[in-house]
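The opening residue of the sequence shown carries number 162 in my numbering; numbering runs sequentially from there.
Using N, Cα and C, we set each Cβ at its ideal position, and we do this for glycine too.
In this text the structure is predicted, and so the values were computed from the model without any measurement.
What follows is one structure encoded as structure tokens, with my remarks underneath.
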Amino acid sequence: MRRLWGGAVLVGGVLVLGLYAGARPAHDIEDRVREQAAAAVQGSVHGLTAEVKGRDIVLTGLADGEAEYTRVIVALDEVPGRRVVRSEAEILAAANPYRLRGAFGPGGPVWEGNVPSEAARVGLAENIGEEAAAGLALASGAPAGWSGAVGAALEARRQLVRGEVSLEGQAVRLSGVVMTPREQAAAEEALAALPEGWSAETELTTLDDGKPFALDIEAVDGNVTWRGGKLPRAVDPLDLDTAYGAPVAGDIAVAQIGEEQEDFAGATQSGMAALAQLMRGRLRIEGQTLALTGLAADPGAAAAARAELEGLPEGFTPLVELELHDDGKPFTLALKKSASGLQASGKLPASMAEDDIAAVTGQTPHGDLAVARIGAEEEVFTLAARAALRAVAPMKSADVTLGEEGLSFVALAPTPAEAAEAEAALAPVTGSLPVSTQIDVEDDGQPFALVVEKSPEGAWSASGKVPAVLEGFDYAAAAGVEALEAGEVAVARIGGEAHGFADAVPPGLAALTVLNSGRLTVREGAVELEGEADDPEVAAEAEAALGALPEGFAPALALDLVDDGTPPAFTFAYSVTEGGSLSGKLPAGMIPPEIAELTGLGQLSGTPGQSRDDETGAEAMRNAMAALGPWMGEIEALELVLAEDGSVSADVTASPGVDGELMRARLAEALGGGITLAVAEAEGAEGDLRDNPATGAQQRLSGGVWLPVIEGIETTVAGCDAATASALEGERIGFVTGAFRLDAASFSAVNKVAAVALACAEAGLTLELGGHTDSTGNAESNKALSQRRAEVVAAALGARGVPEAALVAVGYGADQPVADNETEEGRAQNRRTTLEWRD
């Protein structure tokens, strides 16, 4: 502060007063000076005082800055009648910028800055306290509206819990912490009332959002996250971790104000425990409502979550909405495919969650098909389900079930190709679980082909596949017969109509009608006719009927004539490996069944022709076959030929071991010559087996000879005697007259005895071969002859593998007759070979 205007004012005042005094009384002038001096200082901020002594004015006090001081001095100087104006006043320094700041913390408020007047200080003291107001510096320079701005700032400051308010120039800044958004709004509203020209800036943080207590927590695969809300102070965030069993991530808000609400804490504990039972879920608590949503692993986990909520504090309402990750039921799959689409239902393993079922089946399935999210994958079920889906794709319709009992696949395929595709898709499942497959084919995919057959007895039947244009066709009427079995004719459901196919059927049926028997085959572009015609004229008639075939269809005939006009000539062929067969043309009246009976064969192959009237060679062939019949068991191969000239010839190959010379002689005698005969060498290894079609018995190769296999021999003396007798039933072991040589007819008997002897000798038994003669001739010669013949039989058995040690040959001559030697019949019976087994 400083004093101004000293001497100049004094001199001027003396001059004026001198002049004035001369005109008026002194005391009137002084009163006027005092009155006007008081008016000059009136309204000063700090209460300046103008004291008048005589006509001198003395200014004292504090001026609010240079401007106020100058204004007052000028006004005093202009007071009429004053003599001297002397100033003892101080000038208050100006603050630039003009500031006021208050900080509020745990230690209490701290104020600093300026105050424009003591009156203002007093006013502030009422708000901030006398001590705080006393610490403010008095300064001039307060901006216009300062008091109003301070009042607004102090009103706003009342909303703070802690923080700072400051005024600098004409700007107010408010920062710090308020309790709730309500206090924040009140502070901002107070600052909105600042005087004109003032601005405000706020930076406030709320201790509490002011909202009710709430909780929003989400859990996914064991990871728990705070999503929002506010906990009462009674709930420690660590309590959430404990209740769930895992840390809760996120910025958990805990209320700083309000009541504790112990019931909210209890609800939180129950809710977190329930959330822990889920695979993933969300827990929300608002007011008195607890909402729990999410995915439970199975019904048991869902029940456990609900059980946790039974402990909610009174007044809380639980809202639970849970999905099941798995319903606990076994995997199943049901597929129904029809013209209306694909229906799918059931439950698939989790491994099929990514499967594009629509892409596999070729169409989007409809229905209730669930994919399990947990549980065993059951690889066998997954394999079968994928196989079933692939198999359904090419089907026209399907009904498929897959479950614990296995896979049932019933479907209709358009063609065999699609059926094969489905079967290939299902193949990997076979053996893994029970599979029942029934795939019908709507169309066999084969070309059109109609087969009509006429049997020798006159029965007609049709089979095959024809175009749809022939559906309902009357085959019997077209063939001109009363009945024709056409149940095997399939009508194609797909493919073309095969142009001209229907027009080719009637001519083909007309051609078949004239035959005794045959087969008609109509294909696309071809008609084939095979069968039997009586003669060339009938064959020509059939060929003429096929002349009416539509354009593009070529006829093909293969007809056998019952009689082509040539003389009969045929061949009867036989081999052990192939059996009997006929070829050529049989004489009239001679038929294959008769030939089979004459030769002792069950059946003959081949389809020989038949002469209608010519019997040439029939009798000769019957005689030849009758002569060969008894020898068929000893023949390896045979070709009996009837030539066109009626002559008969035979080419015979006898079995190994046969006396070919004797057989040739016997057969030549019976056939009247024209025979060639060879004896076959044994082919095969010792012990090999084969079936002989002539004897109907199985044979075993032993000693280079094919012996019959005789089963069930009891290898005792009695059993072997019985088996030997059975083997010789209808057989005899004979010799060439006057010789030691077995006759040709003995071959079969010796083979049968050898088959028995092999088994009995292996059991340790001995076979006595007794030779016997009649009484004709010398007794000694007869005994020698019988001994030699017994030895011949023993040698024949030994050649067939019977051990020599098991054979004893004894010649009895005529000592043991069994009949009267006086007759030829009796003598024939006495010429014999006996076989007796001994231990």
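For residue 522, the enclosing alpha helix (DSSP H) covers residues 518-522.
Across the structure, residue 932 and residue 943 are spaced so that their CA atoms are roughly 10 Å apart. Per DSSP, the beta bridge partners of residue 649 are 624. With the rule of 3 Cβ pairs closer than 8 Å, the stretch 553-561 counts as touching the stretch 494-508.
The way I'd put it, the stretch 836-847 does touch the stretch 801-821; three or more beta-carbon pairs between them come closer than 8 Å. For residue 301, the pairing in a beta bridge is given by DSSP as 255.
DSSP links residue 230 through a beta bridge to no other residue.
Beta-bridge annotation (DSSP): residue 681 is paired with 613 and 690. Note that the stretch 242-257 does not touch the stretch 331-342; fewer than 3 beta-carbon pairs, one per stretch, sit closer than 8 Å.
Residue 382 sits in coil when the DSSP states are folded into three classes, being neither helix nor strand. Counting along the chain, residue 400 sits inside the alpha helix (DSSP H) bounded by residues 398-405. With a cut-off of 8 Å on Cβ pairs, the stretch 825-835 is not in contact with the stretch 733-753, counting fewer than three such pairs.
In terms of Cα proximity to residue 342, the closest of 336, 323 and 366 is 366. Secondary structure note for residue 913: its alpha helix (DSSP H) is the uninterrupted segment 908-923.
Of the residues 852, 881, 198 and 897, the one whose Cα lies closest to the Cα of residue 826 is 897.
Look at residue 325 here: in three-state DSSP terms it is strand. DSSP, reduced to helix, strand and coil, places residue 821 within a helical segment of the structure shown. Taking every protein chain shown into account, the CB of residue 713 has fewer than 16 other CB atoms within 10 angstroms, so this residue is exposed. Rounded to whole angstroms, the Cβ separation of residue 770 and residue 747 is 7 Å, and the two are in contact under 8 Å. Burial check for residue 590: the Cβ neighbour count within 10 Å reaches 16 or more, so the residue is buried. Approximately 16 Å separates the beta-carbon atoms of residue 911 and residue 881; this is outside 8 Å, ruling out the contact.
In the three-state reduction of the DSSP assignment, residue 564 falls in the strand class, which pools E and B. Exclusion of the five residues before and after residue 484 leaves 455, 456 and 457 as the residues of its chain whose Cβ lies within less than 8 Å of its Cβ.
For residue 525, the closest C-alpha among the options 641, 541, 540 and 550 is that of 550.
With a contact defined as Cβ atoms closer than 8 Å, residue 263 and residue 272 qualify at about 5 Å. With contacts defined by Cβ atoms closer than 7 Å, residue 909 and residue 895 do not form a contacting pair.
Taking the C-beta atoms as reference points, residue 690 is found nearer than 7 Å to residue 672. By the CB criterion at 7 Å, residue 573 and residue 603 fall inside the cutoff.
Burial is judged here by how many other beta carbons sit within 10 angstroms of a residue's own beta carbon; residue 188 has fewer than 16 and is exposed. By the C-beta density criterion, residue 445 is buried, having at least 16 other C-beta atoms within 10 angstroms. Rounded to the nearest angstrom, the gap between the Cα atoms of residue 244 and residue 218 is 8 Å. Of all C-beta pairs linking the stretch 349-365 to the stretch 397-408, fewer than three are shorter than 8 Å, placing the two stretches out of contact. The Cβ atoms of residue 368 and residue 338 lie closer than 7 Å to each other. For the pair residue 487 and residue 533, the CB atoms are nearer than the 7 Å cut-off. Residues of the same chain with a CB within less than 8 Å of the CB of residue 278, apart from the 5 flanking positions on each side, are 206, 207, 225 and 299 in chain order. For the pair residue 409 and residue 548, the Cα-to-Cα distance works out to about 45 Å.
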